[in-house]
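Residue numbers (the working numbering), protein chains in the order written: chain A, 1 to 468; chain B, 469 to 936.
Worksheet: one structure, shown below.
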C-alpha cells in the first residue's frame, strides 16, 4: 500500500516524487531512501555508431532480421528420442570430444573444461586415470570441437563424448535436429569439471538405466512439444536456464504414463523417476537443444544482425550472427557476480562457461528473469532486479516472442532476437545468468550468478556488418 | 523502461507525475491515460469502530491472536492416505450428505448444491434418477450437514456422500485429521452441480481405479508434507486455490515412484497418471484439507478474533472465529465478477459457493494472488491487480506467514490470520477468487472470478466480540 511505502516530507506534508533523467546512480540512492521515483532511462546519443539499414548489396537489415525472428518463432522443437552420441551426432569419431563455447585447444582450456575432458576420457575407457587422461588430451590424439559445430549444445563444460546418450530434438517446422546430453544434477558433476568414482558411476547408471528406460518410453509416446512446455514453464516461475523446476515437473508429468506402459520393472521405473525428481535442472538439457533447434533455421539469412549463438568455453566468450553463421566473434569470458555455495567464494570461481546462453539467444533464460522471481535465491538479486533485467533486454532485441510470454508483465512476449546494432547503439550488453564452476579441474559447482556478455564481441561484429 | 511508458506533456516537455490521495476513481482514470501516478491509499477514520484490546475477563486479544497464528503456522499437514468417507469421517451415516458452507436445508439450497446432491444420491444407488433423488432429498430421509461440522471441506457444492473416497490429512504437530474428496476435474462435474452418466462414470472410475491405486502407493510412501508442497507451489506461480498446476505437478513427482512400486499394471498406472496430469486442479482437494488441518488447532482460543472458517453454500456465506468456534456468522452469498466460458454469461452464474475459501483463511489462495500472475487468464485482472490484491490483504491480517512466501514480493510472507477487528477498522473485506457454477442443477462450471466476503458477517461477529 502506498500509505506504507511513501515517505512524507515534514516540510511539504505530503509524499515527494522525484523524476530522474539519465544517470542511474542518482535514482538508486533515492530509491534506497524510499523516495517515490520515476526513472527516465536516457543516454546521450552514441558517438560513431551509425544506424545501419542496408548492406552494400542493398539488402534491408530490418527485413533480414524480421525473417530471422519469424523463423525462430515458427520453430517447433520436439523430443524425437535418445541415442548414443556417436550414432547420431554428425561428424564425430570414437576420439572426438565436444565442448561448450567457441573452438579451443587443450593448452588454453580452463580448469573445469579440462576436468570434464579428463573425466570423459576415463568414462570412455580411453584413459585409466585423470592424469592419464590429461596426457592423452595433450598428446594431440583427441580431436576437440565445439558442440555448436555439430548441432549440439552442452551446459557448463559442455563435454559430450562418443558413448554418452544424447537427446535428439527435431524442429519439425524446418527439419533440423539438435543434440544434448542428459542432465546429471548439481554439485560434483562432470559438466562442472568434476571427475572421480561418483561421477563415473552416475554417468554409467545414466547410460545403462536412465537412457534405455526413457528411450523406450519416448518411442511409444507422441513427440513431446518443447516450445509448448517452455511456454508453460515460463508461467510457472521458470526462466528455463537456471530455474527448471516447472519444466522438469511438466516433462515428468508427460513422460511417466509412457514409462509405465513400456517398462515392467516397477523398482527400476521408481529409480528413474526419483533421479529426475531429485534434479530440478533436468529440463535444462531439453530447453537448451530446443533453443538451438529454434535458432538454427535463422542461420545464413543474408544481412541479418540477429545473434544465433552466444557460448563460452570458460576461457573465451563467442557470438555468431545470422547473416554470417560460420564466423565467431570472440572475447575473454567474463567474471560472474553471484551467490556461492558454503565453503566457496569468488576466488574459487572460473570465468563464465557453457553453451546455456543459447537460452537467452532464443528469448528466454536470463531474458525472461521477470517470469522467475524465485530465481533470486539461486543467482541473487531482488524481484525488481528480475523485472528490470527483462525490461532492459527489450532495448537490444528486435522483437517480442509470440509464444513465450511473461504473466508478471501482463503476458508481454519475452525479448527475442539480440540485434548487434541495438547492442552497439544503446551500449546495453546482454545480461545472462549462469552456474559457476570451480576454476580447478575435479571439483565441480561452487555457485551461480549473473553477468553481461563482453562488449568486444559486439564491437567486432559491428565492424564486420559495416562492411557487408 | 520508463522512456517507453511515460507520457510527456507538450507544455512541460517532460513526464508528468500525479499524486492522488484518497478516492481511487481519480487515480484509475489517470492511469488509463497512461499518467505516472503515486496513489496514496487513504480513508477517513472509521466511525464507531473502537479498537478492542481485551475481553471483559481480561484476556488480551492480541495475545490470543498471536497464539492462533502461531498454531496455524506450526501445523504440519501430511497425506496419511485415502479411504471411503463412511469409514473415516466422524459422525456420518449411510444417509448423510455433507455439503459446503454453513448449514442449509434442501428447500434453501441453490441449484448447483441441489444438482450435486441429486447426482450423489444416484451415485450412491439411493435414487434411480435425478428426479427420484430430488424427491428423496426433500422427504427428510437424508440428513444434510456442513463438511465443516465433520473436519471436512469440499470445493464448490462440496458434496461428500458415504461411499466416496476421501483424502485423510493429518496435522502431525497437533494430531487432528481432516478430509476431502478426490478432485474430478473441471467442466461438467458433480461439485459444480452437474449430474448424468458421464459424471457417474467418472466418479465410479475414481472409486474403483484411482482410489485403490493411489491408496496402495500412499501406504508405501513416506507421509507427503503438504505445507512444504504448498510453499513450493507458491514459488511456481500457483496460489493453490484457483491455480494448482504446480501443486498438481509436485504431487505427481512425489507419488509416481510409489505408484510404480505398488502397481504392476502399467496401463492402469498410465491411466491414473494421465487423469491427474489432465486436471490441473487435482491439488486443490489437497490444499483445502491441508488448510483446514492447519486452522483447526486455533479453534477455541479464548479471545481470538482470527477467522478459522470462511465458507459458502451458494446461498449463504458464513465465517467462524477462533474464540467462538461453534458459531457461524452468516450473510447472503455474493455475486462473482469473472470470466465466463464460451456460451455462458453473468446471468447464468450462481452466487459464490464452496469451502475453498479455507485457503484464503489459511493465508494463501486469493491472499497470495501476487504469487500467481498467470491466474489472470482464469479469473481476470492484470498482474498489478494481483499484487495490489495481496498487498491489500496485509491490512486485515494479523501477521505474515513464516512458511508461505511470495518471490515477487521478495519472499515476503503471505497475509495470514484474518482479524475481524482489522476488517471492521479498515473497512477492507477479504478478497477471494473462485470458480463459478451454473445456477441451475445439472449443468456445471460456467466461469471463474473474484469477489469480496460480505460485510454483514463481520459486523455481526464484531458485535459479539464487543460482548466477550
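Even glycine gets a Cβ: it sits at the ideal position worked out from N, Cα and C.
- In the DSSP assignment, residue 401/A falls within the unbroken beta strand (DSSP E) covering 397 to 406.
- Taking all protein chains in view, the Cβ of residue 761/B is crowded by 16 or more other Cβ atoms within 10 Å, so the residue is classified as buried.
- Taking CB atoms only, residue 710/B has no neighbour in chain A less than 7 Å away.
- Against residue 745/B, the close residues of chain A are 253, 254, 256 and 257, in the order they occur along the chain (beta-carbon pairs closer than 9 Å).
- For residue 273/A, a Cβ of chain B is located within less than 7 Å of the residue's own Cβ.
- Here residue 20/A carries a strand assignment [DSSP, helix/strand/coil].
- The C-alpha of residue 678/B is placed about 26 Å away from the C-alpha of residue 614/B.
- Beyond the five residues adjoining it in sequence on each side, residue 556/B comes within less than 7 Å, by CB distance, of 634, 636 and 647 in the same chain, given in chain order.
- Inter-residue distance for residue 716/B and residue 625/B is about 21 Å (C-alpha atoms, whole angstroms).
- Residue 907/B is classed as buried because its beta carbon has at least 16 other beta carbons within 10 Å across all chains shown.
- Contact annotation: residue 365/A and residue 241/A have beta-carbon atoms nearer than 7 Å.
- At a beta-carbon threshold of 8 Å, none of the residues of chain B lie near residue 419/A; the nearest stands roughly 16 Å away.
- The shortest CA-to-CA distance from residue 74/A to any of 227/A, 375/A and 161/A is the one to 227/A.
- Around residue 275/A, the same chain offers 210 as residues with beta carbons nearer than 7 Å, after the five sequence neighbours per side are excluded.
- For residue 434/A, the uninterrupted beta strand (DSSP E) segment begins and ends at 431 to 437.
- Ranked by Cα distance from residue 517/B, the first of 909/B, 524/B, 895/B and 801/B is 895/B.
- With the rule of 3 Cβ pairs closer than 8 Å, the segment 100 to 117 of chain A counts as touching the segment 149 to 163 of chain A.
- Excluding sequence positions up to five before and after residue 379/A, its CB lies within less than 7 Å of the CB of 242, 338, 339, 433, 448, 449 and 450, all in the same chain and listed in chain order.
- Residue pairing for residue 788/B: DSSP places it in a beta bridge opposite 777/B.
- Contact with chain A is found for residue 717/B, since one of that chain's Cβ atoms lies less than 7 Å from the residue's Cβ.
- The CB of residue 400/A never comes closer than 7 Å to any CB in chain B; the least such distance is about 12 Å.
- Within 10 angstroms of the beta-carbon of residue 93/A lie fewer than 16 other beta-carbons, which makes it exposed.
- Residue 284/A is positioned such that its CB atom lies closer than 7 Å to that of residue 244/A.
- The beta carbon of residue 217/A does not come within 7 Å of any beta carbon belonging to chain B, so the residue lies off that interface.
- Apart from sequence neighbours up to five positions away, the residues of its chain that approach residue 868/B with a beta-carbon distance below 8 Å are 862, 880, 881, 882, 883 and 884, ordered along the chain.
- For the segment 220 to 242 of chain A, residues whose beta-carbon sits nearer than 7 Å to a beta-carbon of chain B comprise 235, 236 and 237.
- Taking 7 Å as the cut-off, the beta carbon of residue 872/B is found no closer than this to the beta carbon of residue 763/B.
- In the DSSP assignment, residue 846/B falls within the alpha helix (DSSP H) that extends over 844 to 847.
- Taking a Cβ-Cβ threshold of 7 Å, the residues of chain A close to residue 735/B are 261, in chain order.
- The three-state reading of DSSP puts residue 281/A in coil, since its state is none of H, G, I, E or B.
- Of the residues assessed, residue 780/B falls on the buried side of the cut-off, its CB having 16 or more other CB atoms within 10 angstroms.
- The alpha-carbon separation between residue 291/A and residue 361/A amounts to approximately 8 Å.
- The C-beta separation of residue 254/A from residue 301/A comes to about 33 Å, leaving the pair out of contact by the 8 Å criterion.
- The beta-carbon distance between residue 823/B and residue 756/B, rounded to whole angstroms, is 7 Å. This is short enough to meet the 8 Å contact definition.
- The beta carbon of residue 332/A sits no closer than 7 Å to any beta carbon of chain B.
- Within chain B, the residues placing a beta-carbon under 7 Å from that of residue 373/A are 875 and 876, ordered along the chain.
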